[in-house]
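Below: the structure, in structure tokens.
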Amino acid sequence: MRTFSKCRYPENQIMIDITSGQKPTSIVGASMTFNREIKAQYVSTNQPWDVLSYDVLLTSSETRDFGL
């Protein structure tokens, strides 16, 4: 993320692919997108190889208006 920041890439131009790897790697990759404009992407490993994009907000039941 530091490299993207140094190069001044806007967050809405960054997508983290969480398809491959072990579960902990995918969890960490996905968590880097929480409450940011960065998206997570998963490509199905079976036909028809759908591409799914996730925009995640991490909230609490105690916060109102999604904590924003």
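All letters in the sequence shown, in the order written, are residues 218 to 285 by the working numbering.
Here a beta-carbon is modelled for each residue, glycine too, at the ideal position from N, C-alpha and C.
Using only alpha-carbon positions, find the residue among the options that is nearest to residue i.
i	options	result
asparagine 229	Gln239, Thr250, Trp266	Thr250
arginine 253	Thr220, Leu274, Tyr259	Leu274
alanine 257	Asn263, Tyr271, Ile244	Tyr271
With a 10 Å radius around its C-beta and 16 neighbouring C-beta atoms as the bar for buried, classify residue i as buried or exposed.
i	result
isoleucine 235	buried
isoleucine 255	buried
CA-CA distance, residue i and residue j?
i	j	result
proline 265	tyrosine 226	32 Å
valine 260	glutamate 279	33 Å
serine 263	isoleucine 233	Note that residue 263 corresponds to asparagine in the displayed sequence, not to serine. Their Cα atoms are separated by approximately 20 Å.
glutamine 239	arginine 219	23 Å
phenylalanine 221	glycine 246	15 Å
cysteine 224	isoleucine 231	12 Å
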